Amino acid sequence: AFKAAVLIQQWYRRHVARLEMRRRCTWRIFQSIEYACEQDQIKLHNFFSYLMDHFMPSSSKERDFISRMFVSGESFKEAELEKYCDYESMEVPDSYTGPRLSFPLLPDHATALLEAFKQKQQLHARYVLNLLHETRKHLKQLPNISHVSTCYSEEVTVCGDLHGQLDDLFLIFYKNGLPSPSKSYVFNGDFVDRGKQSLEILIVLFTFLLIYPKEVHLNRGNHEDHMVNLRYGSCAGLIAMSRVHGKKILKMIQNVFCWLPLATLIDQKVLIIHGGISDTTDLDMLEKIQRNKFISVLRGKKRKESNRNVEIQELNGESKAEADPAGNEAAPGLSPQPRPAQAPSMANRLEFSRWVRQTVQEQIEWCRRLVDISESEEEELTYSSVVSMTDSDGPCWTRQEEWKQILDILWSDPMPQEGCRVNTVRGGGCYFGPDVTGKILEKYNLQFLIRSHECKQEGYEFCHNRKVLTIFSASNYYEIGSNRGAYVKLGPDLVPHLVQFQANKTAHTLTMTQRQGFPVALISRVEESAFRALREKLFAHTSALISAFKAYDKDNTGRITLSNWATAVESVLHLGLPWRMLRPQLVHSTADGMLEYKSWLDDLAMEQRSQEHIQSSLLEVIYRNRSNLETIFRIIDRDHSGLISFEEFHQTWKLFSSHMNIELTDDSINDLVRSIDFNKDGNIDFNEFLEAFRLVKQSQ
Numbered sequence: 001a002f003k004a005a006v007l008i009q010q011w012y013r014r015h016v017a018r019l020e021m022r023r024r025c026t027w028r029i030f031q032s033i034e035y036a037c038e039q040d041q042i043k044l045h046n047f048f049s050y051l052m053d054h055f056m057p058s059s060s061k062e063r064d065f066i067s068r069m070f071v072s073g074e075s076f077k078e079a080e081l082e083k084y085c086d087y088e089s090m091e092v093p094d095s096y097t098g099p100r101l102s103f104p105l106l107p108d109h110a111t112a113l114l115e116a117f118k119q120k121q122q123l124h125a126r127y128v129l130n131l132l133h134e135t136r137k138h139l140k141q142l143p144n145i146s147h148v149s150t151c152y153s154e155e156v157t158v159c160g161d162l163h164g165q166l167d168d169l170f171l172i173f174y175k176n177g178l179p180s181p182s183k184s185y186v187f188n189g190d191f192v193d194r195g196k197q198s199l200e201i202l203i204v205l206f207t208f209l210l211i212y213p214k215e216v217h218l219n220r221g222n223h224e225d226h227m228v229n230l231r232y233g234s235c236a237g238l239i240a241m242s243r244v245h246g247k248k249i250l251k252m253i254q255n256v257f258c259w260l261p262l263a264t265l266i267d268q269k270v271l272i273i274h275g276g277i278s279d280t281t282d283l284d285m286l287e288k289i290q291r292n293k294f295i296s297v298l299r300g301k302k303r304k305e306s307n308r309n310v311e312i313q314e315l316n317g318e319s320k321a322e323a324d325p326a327g328n329e330a331a332p333g334l335s336p337q338p339r340p341a342q343a344p345s346m347a348n349r350l351e352f353s354r355w356v357r358q359t360v361q362e363q364i365e366w367c368r369r370l371v372d373i374s375e376s377e378e379e380e381l382t383y384s385s386v387v388s389m390t391d392s393d394g395p396c397w398t399r400q401e402e403w404k405q406i407l408d409i410l411w412s413d414p415m416p417q418e419g420c421r422v423n424t425v426r427g428g429g430c431y432f433g434p435d436v437t438g439k440i441l442e443k444y445n446l447q448f449l450i451r452s453h454e455c456k457q458e459g460y461e462f463c464h465n466r467k468v469l470t471i472f473s474a475s476n477y478y479e480i481g482s483n484r485g486a487y488v489k490l491g492p493d494l495v496p497h498l499v500q501f502q503a504n505k506t507a508h509t510l511t512m513t514q515r516q517g518f519p520v521a522l523i524s525r526v527e528e529s530a531f532r533a534l535r536e537k538l539f540a541h542t543s544a545l546i547s548a549f550k551a552y553d554k555d556n557t558g559r560i561t562l563s564n565w566a567t568a569v570e571s572v573l574h575l576g577l578p579w580r581m582l583r584p585q586l587v588h589s590t591a592d593g594m595l596e597y598k599s600w601l602d603d604l605a606m607e608q609r610s611q612e613h614i615q616s617s618l619l620e621v622i623y624r625n626r627s628n629l630e631t632i633f634r635i636i637d638r639d640h641s642g643l644i645s646f647e648e649f650h651q652t653w654k655l656f657s658s659h660m661n662i663e664l665t666d667d668s669i670n671d672l673v674r675s676i677d678f679n680k681d682g683n684i685d686f687n688e689f690l691e692a693f694r695l696v697k698q699s700q
């Protein structure tokens, strides 16, 4: 009996270990593909930024197009934005049966909204715009760092990423209770993208924010960013919801996002930020930044070195006449470039700092007039601007320094090693070690940090000696059963009490017999989904893989070793996966430890062709580039109508031709756009855009 018990124990331990290994491998696949997608988004944005920096507009129309291409939502002044998004002129038809809002909002309005969304009803665009307008007014009065005290409520509940998954928010409210004077909530960013109900989540959160402004607090996440939204399609979802008013709703949401606070402090002891910190994180600077300047953190970099040179010349007291001995005249109709006043002595640091700010501001105004770009908003009194004015004698930070502060707290991740280094996996922010955490906690007298930004299998994870807590509230993020969600409750003692959940309807309908084998079946299902995504990724890089395999196949036998296969695959995909461990799931037939790579790639192509009846080489290119093509389409479609107008296409291709040094006449561009407009309706939809890409690739 004893031997039998030991044998069963050994078998069980091996079984559990195998399940855990399969789970970890599956997790690595999902995360690697997700982060690679974020890298692609940043690379694509940098490419367009480069094009814009090196394109010289030849007319006011081109200047206007370039200035608006990446600044959707920025070009409206305060009055213009309110006029554009005028909700009062909208009529709600008698046939509308959904919820109705009147301001100021009451708890009954929130309850009605929750019930309506459970019944799959939608809120009319008039009420959505009214809600966004009131939310924006409220957020503008908030500081960059919200301060919450446990003295005024029984506990504070902190929720992580929701990513458009409304069922998770419903479950949190069901288990923990609705926001109330005795129950405060902090929602730590990433409310939107990936899930299908991003707008509904925003409506619910903004409603509770206005009803309980002292009990509900919202932090900005890296997905509360117009450029990131372009990648993940929440913009397209809004337009689809309301064809008539979708663009106005999108414009207002972009503006609301830039006013979201950046962090929350509980009892001056617990710091809540979306991503993380770096060795340069400065809470004093974060408190005083005018956060609304950064509508997209991806656009925060100072892109033109020439602008920097202009500033340096001005700081050195050089005028345009001195810098340009030829004495070329300024453009007609423009005021001359302002000459800076005589620089005061460096001994008086206060006077010199004021002179620098005044000189740079004059140059910025002159440059705006030169390129015919107006300011995004009229200067008005907000909390951050008041803080800036009251501290005018303090340090003067550059926009680059401010941008890096926001980038780090929205995009960074913790790492077990000491130090701080660039986050090359995501393409933004940094990795920070336990020593960096310790220094920040000691500097600001904090107990620990709460952050989100990373999906965790259990919904939460402690690291850095339990000084950093990651909370992720979107369950089933990658696939049903892939992960739990969690939230954390903090009382006056600030001891974290964690609650896990899983909004999984499939698990609730299983019989008792099915539940006994549920973990194995669930892991198999999640594992299958991960490997399906990985095989798509492999197929999308078929051409590059063949070249990499041939480098190891010197004799052109069509066969390579499995070790060389693993090395070659990693050299092409750069996903950092344990390919040797994953090989049994990806390579089914080997002879004498050798792989016939051409037949293996043919099998991958056959699997994908069974889903899409397209030529294999063409399908490979589309799989590899579809996300980029969708993002490019949305960037060109600057009014987010779902259609590219001939003018938008024309100006974009002028940009491309300038970058590629190709002379394209207006007639040739017009011929091109007419040839892509297959249904001759005067616009290009995404299917026509994709079809044109297929035809060009096929002709090559």
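Everything in the sequence shown is counted per UniProt numbering, starting at 1 for the first residue and increasing by one. Think of the CB as a built atom: it goes at the ideal place given N, C-alpha and C, for glycine as much as any other residue. Every value quoted in this text rests on a predicted model; they were computed, and no experiment measured them.
Does the distance from the CB of L171 to the CB of F501 come in under 7 Å?
-> yes
Candidates K251, H574, H109, G491, of which the one nearest E154 by Cα = G491
Proximity winner among E20, A566, Q119, C420, relative to I440 (alpha-carbon distances) = C420
Please determine, among W27, G164, C151, the residue with the shortest C-alpha to C-alpha distance to L494.
-> C151
For the stretch 239-278, which segments carrying the beta strand (DSSP E) assignment without a break, of at least 3 residues, lie completely within its bounds, in sequence order?
-> 263-266, 270-272
V192 and S198 closer than 7 Å at C-beta | yes
Is it a yes or a no for the stretch 544-552 touching the stretch 568-578, going by three-plus beta-carbon pairs under 8 Å?
-> yes
Taking the beta strand (DSSP E) that K183 falls in, what are its first and last residues?
-> 183-187
Alpha helix (DSSP H) containing K443: first to last residue?
-> 434-443
When the distance is taken between beta carbons, is D161 closer than 7 Å to F472?
-> yes
Can you list, in chain order, the residues of its chain whose CB lies under 6 Å from that of I258, leaving out five sequence neighbours each side?
-> For the sequence presented, residue 258 should be read as Cys rather than Ile. Hits under 6 Å: N292, I295.
CA-CA distance, R14 and A4?
-> 15 Å
If you run the structure through DSSP and keep just helix, strand and coil, what is L469?
-> strand
Continuous beta strand (DSSP E) stretch holding E155: start and end | 155-159
Three-state secondary structure (DSSP) at R13?
-> helix
Cα separation between V587 and R22?
-> 16 Å
Buried versus exposed, by CB contacts within 10 Å (16 or more), R559 = buried
Own chain residues within Cβ distance below 7 Å of G576, not counting five before or after | S32
Contact belief for L286 with L260 at Cβ below 8 Å, rounded distance in angstroms | Actually they do not touch by this definition, with Cβ atoms about 13 Å apart.
Closest to F187 by CA distance: which of R399, G221, D167, Q417 is it?
-> G221
Taking the alpha-carbon positions, what's the H124 to V526 distance?
-> 37 Å
Consult DSSP for I684 and reduce its assignment to one of helix, strand or coil.
-> strand
Where does the unbroken alpha helix (DSSP H) through E458 begin, and where does it stop?
-> Note, E458: premise wrong, no alpha helix (DSSP H); not H, not E.
Hey, G459 and A486: beta-carbon distance below 7 Å or not?
-> yes
Using 8 Å as the threshold, is the stretch 401-415 in touch with the stretch 263-282, meaning 3 or more CB pairs across them?
-> yes
DSSP state of M285 mapped onto helix, strand, coil = helix
Which of helix, strand or coil does DSSP assign to H147?
-> strand
Could you spell out the range, first to last residue, of the alpha helix (DSSP H) harbouring I406?
-> 399-411
Helix, strand or coil: which one does DSSP assign to S645?
-> strand
C-alpha distance - P416 paired with I266, whole-angstrom precision = 26 Å
What three-state label does DSSP hand H217 in the structure shown?
-> strand
Terminal residues of the continuous alpha helix (DSSP H) containing M90?
-> Segment: none, M90 is in no alpha helix (DSSP H) and carries neither H nor E.
With DSSP run on the structure shown, which of helix, strand or coil describes K554?
-> coil
Over the uninterrupted alpha helix (DSSP H) stretch that includes P496, give me the two end residues.
-> Careful: P496 lies outside any alpha helix (DSSP H), inside the beta strand (DSSP E) at 496-501.
Pick helix, strand or coil for I450, following the three-state DSSP scheme.
-> strand
Looking only at its own chain, which residues have a Cβ that is under 7 Å from the Cβ of L498, when we skip the five neighbours before and after it?
-> Y460, A486, V488
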